[in-house]
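Novice: Under my numbering, think of the first position of the sequence shown as 2, with each following residue one higher.
Backbone N, C-alpha and C fix where the C-beta goes; we use that ideal spot for every residue, glycine too.
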Amino acid sequence: MGRELWSADVVYGGIGAAQGGAGQGGAGVAVQRRPDGARTVIAIDSLARLRQRFPDAVQAGHRSVLAPAPVNAHTHLDLSDLAFSPRRYEDFIHAVIAHDRAGRRGLPAVERGVAELRAAGVRTVGDIVTTEAAMARLLEDPHFSGVAYWELIGPDPADAARLLAETRERLLRFLGWQRPGGMQVGLSPHAPHTVSAPLLQGVTRLARELRLPLQLHVAESAGESELHRHGGGPLRQALGPWLPQWQASGRSPVRYLADLGVLAARPTLVHMVEVDEHDVALVARFGCAVVHCPRSNRALGCAVFPWSLYARHGVSVGLGTDSRGSSPDLSPVAEWRAAREVHGAAASPAQLVWAAVKGGARALGQRAETVRRGDPFEALLAWGEPVH
Ligand SMILES: [Zn+2]
2 MGRELWSADV
12 VYGGIGAAQG
22 GAGQGGAGVA
32 VQRRPDGART
42 VIAIDSLARL
52 RQRFPDAVQA
62 GHRSVLAPAP
72 VNAHTHLDLS
82 DLAFSPRRYE
92 DFIHAVIAHD
102 RAGRRGLPAV
112 ERGVAELRAA
122 GVRTVGDIVT
132 TEAAMARLLE
142 DPHFSGVAYW
152 ELIGPDPADA
162 ARLLAETRER
172 LLRFLGWQRP
182 GGMQVGLSPH
192 APHTVSAPLL
202 QGVTRLAREL
212 RLPLQLHVAE
222 SAGESELHRH
232 GGGPLRQALG
242 PWLPQWQASG
252 RSPVRYLADL
262 GVLAARPTLV
272 HMVEVDEHDV
282 ALVARFGCAV
292 VHCPRSNRAL
302 GCAVFPWSLY
312 ARHGVSVGLG
322 TDSRGSSPDL
332 SPVAEWRAAR
342 EVHGAAASPA
352 QLVWAAVKGG
362 ARALGQRAET
372 VRRGDPFEAL
382 LAWGEPVH
């Protein structure tokens with residue numbers, strides 16, 4: 002019996018700001034040990050304040066991070082058999098198309114991804130789904146919450162009405178497979194250049210009508226910006242046969258989505274590295290959440306996510322691993338570590354822990370897991386280290 006004090010570089014209970022980080026002298030958790038050995042959280046605060054409040058508490062140990070399980074807010078489980086290989090973004094897109102044509106995005110790949118996520122301690126996930134079998138598999142999964150986003154690709158405006166009607170019928174069926182507490186159905190128009198303007202607008206209306214969360218890849222590569230602004234560049238070369246109708250809007254991908262009315266539906270925007278301050282201000286004004294995938298961006302030679310710009314505009318940022326084709330694993334803790342490396346002093350470890358937990362939950366429209374006074378101490382995980 003008695004009180005223990007656990008210290009950590011960062012402690013987060015899923016409420017408010019994460020505690021700790023540079024200049025704050027560390028954070029801590031005060032724990033009451035009961036006669037039966039059970040341990041209960043009695044306070045989460047700065048280490049200095051906890052020492053004042055609980056001078057009799059025994060220092061029990063130190064961990065890097067004590068927080069709920071981090072969220073993987075963006076992945077593609079059906080690409081779990083695509084070998085990780087750093088390469089140009091355009092070469093990666095070709096590799097995905099070839100992998101798809103070889104029929105390697107089936108359930109076995111999804112199962113490997115699911116197993117990897119579970120081994121990484123993930124409980125909440127945002128996954129991009131391309132087959133009905135994978136949708137059924139994820140909606141019946143007993144362990145995960147989050148969103149299974151049905152992916153739509155349709156660059157030819159002539160296909161928009163047909164694709165929209167098919168998608169509506171599919172989604173109504175998927176909604177019948179949802180279970181309370183399980184994953185939810187969402188919708189993912191792939192990217193602003195692989196989905197035609199009328200289809201993007203139709204999908205936005207459909208998501209509103211069926212109250213579905215939206216997620217799309219935006220502003221990922223320099224080639225995407227070039228394609229939207231001037232119509233040419235490496236992505237146009239790479240996707241030429243698939244984009245015969247493409248006409249550049251002359252605007253950034255973010256501005257294009259805003260003008261089409263897509264941002265008004267508050268989609269979650271993934272990558273968002275090729276942005277300027279006008280783009281970020283637009284995203285902030287519409288209240289869209291963003292998902293940051295630092296290892297995927299690095300592997301595909303994309304730009305560095307402008308963390309400080311998003312922080313200055315108060316945009317909610319979560320973390321995602323993207324697929325195994327552009328990420329060495331599906332662990333959000335590893336993604337968090339990579340984000341620390343990439344951003345250095347620009348992002349505090351506490352901000353990044355907040356992003357991995359609360360930012361990820363917000364990106365998926367979910368409540369973040371919380372650990373508060375009275376909860377078992379074991380509800381806090383020591384990220385990437387042995388548990389308490
Ligand atoms: Zn992706």
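(1) With hydrogens ignored, establish whether the beta-carbon of residue 323 is closer than 7 Å to any heavy atom of ligand 1.
(2) Among 164, 37, 281, 11, which residue has its Cα nearest to the Cα of residue 1?
(3) Since residue 150 sits in a beta bridge, which residues does DSSP pair it with?
(4) Would residue 60 be called buried (16 or more neighbouring beta carbons within 10 Å of its own) or exposed?
(5) Do residue 322 and residue 336 come within 8 Å of each other at the CB atom, strictly closer than that value?
(6) Can you grab the Cα-Cα spacing for the pair residue 180 / residue 257, in whole Å?
(7) Determine the DSSP secondary structure at residue 39, reduced to helix, strand or coil.
(8) Buried or exposed, going by whether 16 or more other CB atoms sit within 10 Å of the CB of residue 388?
(9) Does DSSP put residue 421 in a helix, a strand or coil?
(10) Look at the Cβ atom of residue 234, then the Cβ atom of residue 85, and state whether they are nearer than 8 Å.
(11) At a cut-off of 7 Å, is residue 129 close to ligand 1 when judged by its beta-carbon and the heavy atoms of the ligand?
(12) Alpha carbon to alpha carbon, how far is residue 187 from residue 51?
(13) Entirely within the stretch 98-130 and at least 4 residues each: give me those alpha helix (DSSP H) ranges in chain order.
(14) Under a three-way DSSP split, which group does residue 18 fall into?
(15) Is residue 77 close to ligand 1? I mean its beta-carbon at under 7 Å from any heavy atom of the ligand.
(16) Considering Cα atoms alone, identify which of 199, 377, 295 is closest to residue 353.
(17) Between residue 368 and the rest of its own chain, which residues show a CB-CB distance below 7 Å, the 5 nearest in sequence each way excluded?
(18) Which partner residues of residue 68 appear in the DSSP bridge assignment?
(19) Assuming residue 82 contacts residue 34 (C-beta within less than 8 Å), just tell me the rounded distance between them.
(20) Exposed or buried, which one is residue 173 when buried takes at least 16 other CB atoms within 10 Å?
(21) Compare the beta carbon distance of residue 66 and residue 374 with 8 Å and say whether it is the shorter of the two.
(22) Straight-line CA distance for residue 189 to residue 152?
(23) Does residue 198 get closer than 8 Å to chain B when you measure Cβ to Cβ?
(24) Residue 357 and residue 72 - do their beta-carbons sit closer together than 8 Å?
(25) In three-state terms, what does DSSP make of residue 193?
(26) Quick one: Cα of residue 142 to Cα of residue 136, how far?
(27) Could you tell me whether any non-hydrogen atom of ligand 1 is closer than 7 Å to the CB of residue 111?
(28) Just tell me which of 328, 365, 307 has its CA closest to the CA of residue 344.
(29) So what does residue 272 bridge to, in DSSP terms?
(30) Let me know if residue 238 comes out buried or exposed under the rule of 16 or more other beta-carbons within 10 Å of its beta-carbon.
(31) Can you confirm whether the stretch 192-207 touches the stretch 149-167 when touching is taken to mean that 3 or more C-beta pairs between the two stretches lie within less than 8 Å?
(32) To the nearest whole angstrom, what separates the beta carbons of residue 16 and residue 30, a pair I think is in contact under 8 Å?
(33) From residue 246 to residue 240, what distance separates their C-alpha atoms?
(34) From residue 397 to residue 270, what distance separates their C-alpha atoms?
(35) Quick one: Cα of residue 385 to Cα of residue 20, how far?
(36) Counting only the same chain and skipping the five closest in sequence on each side, list residues whose C-beta sits under 8 Å from that of residue 220.
Specialist: So, from the listed chains and residues:
(1) Residue 323: yes, Cβ under 7 Å from ligand 1.
(2) Residue 1 is absent from the model: the chain starts at 2 and stops at 389.
(3) Residue pairing by DSSP places residue 150 opposite 129, 187 in a beta bridge.
(4) So residue 60 ends up on the exposed side.
(5) Going by C-beta atoms, residue 336 is nearer than 8 Å to residue 322.
(6) The C-alpha of residue 257 is placed about 36 Å away from the C-alpha of residue 180.
(7) Correct three-state label for residue 39: coil.
(8) Residue 388 is exposed by the Cβ-count criterion.
(9) Examination of residue 421 is not possible in this model, given that the chain is present from 2 through 389 alone.
(10) No. Outside cutoff.
(11) Because some heavy atom of ligand 1 lies under 7 Å away, the Cβ of residue 129 counts as near it: yes.
(12) Whole-angstrom Cα-Cα distance: 42 Å.
(13) Runs found: 108-120.
(14) Secondary structure of residue 18 (DSSP, three-state): coil.
(15) Yes, ligand 1 has a heavy atom inside 7 Å of this Cβ.
(16) A check of alpha carbon separations from residue 353 across 199, 377, 295 identifies 295 as the nearest.
(17) Closer than 7 Å at the Cβ level, and outside the excluded window around residue 368, lie 362.
(18) Residue 68 is bridged to 382.
(19) Contact doesn't hold; Cβ gap of about 46 Å is too wide.
(20) With fewer than 16 other Cβ atoms within 10 Å, it is exposed.
(21) No.
(22) Near 5 Å, if we compare the C-alpha coordinates of residue 152 and residue 189.
(23) Among the chains in the structure shown there is no chain B, since it carries only a single protein chain.
(24) Closer than 8 Å, so yes.
(25) Taken through DSSP and simplified to helix, strand or coil, residue 193 comes out as coil.
(26) Linking residue 142 to residue 136 through their CA atoms gives a straight-line distance of about 10 Å.
(27) Not under cutoff, so the answer is no.
(28) Comparing alpha carbon positions, the residue from 328, 365, 307 closest to residue 344 is 307.
(29) According to DSSP, residue 272 bridges with 219.
(30) Exposed, since its Cβ has fewer than 16 Cβ neighbours within 10 Å.
(31) As far as the Cβ criterion goes, the stretch 149-167 touches the stretch 192-207, which means the pair count is three or higher.
(32) About 13 Å separates the two Cβ atoms, so there is no contact after all.
(33) So the two alpha carbons sit approximately 11 Å from each other.
(34) Past the boundaries of the shown model lies residue 397; the chain is included only from 2 to 389, so the question cannot be answered.
(35) Rounded to whole angstroms, the separation of the alpha carbons of residue 20 and residue 385 is 18 Å.
(36) Counting only Cβ-Cβ distances below 8 Å, and skipping sequence neighbours, we find 226, 253, 254, 255, 270, 272, 273, 274, 275, 276, 280.
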